[in-house]
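Trainee:
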Amino acid sequence: MTTPTSFHERAFRDALGRFATGVTIVTCSGPDGPMGITANSFASLSLDPPLVLWSPAKSSRRYDAFVNATEFAIHIASFDQLDLCRDFAKSAGGSSETDWKHAATGCPYLMGGVARFMCQQHATFDGGDHTIIVGKVIDFRATDGSPLIFSNGKYVAG
């Protein structure tokens, strides 16, 4: 077993990659309009009150917009949204074909996916090279479909 003081970052990332995760796109209003980021650091936290969390990397160019956003939407991606997830992994605006919608509050969101959680920022916590953002869910929707899963460096249908 490798001890925490002797491991290499790449080996650690590879070991973490053995844990299959869902893939999300998180959206918010940024300084230049709607923006999003692909993230797999999503988890449920509490049913009462309804809380979820995700954690952007502090090194991300989009970091400031997300930690300062008072509202955001977390979309659990469906397998047919693989290209959209790849777009948001590269660019805050997705692609020129991104079809933005806006909630009554102004928070941007996307159609599709297997679930969407509209959130108000509830709390933030330092998480090393990431920040843990806790969102209070103010609305949600869920549909049938195959979620997009990431495991061992590959995308698969759930």
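Once you know that position 33 of the sequence shown is 756 in the working numbering, the rest is easy, because the numbers rise by one and skip nothing. Even for Gly, the Cβ is constructed at its ideal location relative to N, Cα and C.
For a test of the three-state rule: what should DSSP assign to Leu774, helix, strand or coil?
Mentor: The sequence position of residue 774 within the sequence shown is 51, counting from 1. Residue state, collapsed to three classes: strand.
Trainee: Grab the span of the alpha helix (DSSP H) containing Phe848 for me, first residue to last.
Mentor: If you number the sequence shown from 1, residue 848 lands on position 125. Per DSSP, Phe848 belongs to no alpha helix (DSSP H); it is in the beta strand (DSSP E), Ala838 to Gly850.
Trainee: Determine which residues share a DSSP beta bridge with Thr747 and list them.
Mentor: In the sequence shown, residue 747 corresponds to position 24, counting from 1. BP columns for Thr747 point to Ala762 and Ile799.
Trainee: How big is the Cα-Cα spacing for Ile797 and Gly835?
Mentor: As a first step, residue 797 must be located in the sequence shown, where it is residue number 74. As a first step, residue 835 must be located in the sequence shown, where it is residue number 112. Whole-angstrom Cα-Cα distance: 12 Å.
Trainee: Have a look at Val857, Gly868 and Pro870 and flag the residue whose alpha-carbon is nearest the alpha-carbon of Ser769.
Mentor: In the sequence shown, the residue the question calls residue 769 occupies position 46. Nearest C-alpha to Ser769: Val857.
Trainee: State the Cα-Cα distance for the pair Asp862 and Asn791, rounded to the nearest angstrom.
Mentor: On the sequence shown, position 139 is the one that residue 862 refers to. On the sequence shown, position 68 is the one that residue 791 refers to. Straight-line Cα distance between these residues: approximately 20 Å.
Trainee: Whole angstroms are fine: how far does the CA of Ile799 sit from the CA of Val837?
Mentor: On the sequence shown, position 114 is the one that residue 837 refers to. On the sequence shown, position 76 is the one that residue 799 refers to. Using only the alpha carbons, I get a separation of about 6 Å.
Trainee: Contact between the stretch 809 to 816 and the stretch 751 to 761: three or more CB pairs below 8 Å?
Mentor: Result yes; three or more Cβ-Cβ pairs closer than 8 Å.
Trainee: Taking 7 Å as the limit between beta carbons, can you name the residues of its chain near Pro772, skipping five residues before and five after?
Mentor: Counted from its first residue, the sequence shown places residue 772 at position 49. The answer, listed in chain order, is Lys859.
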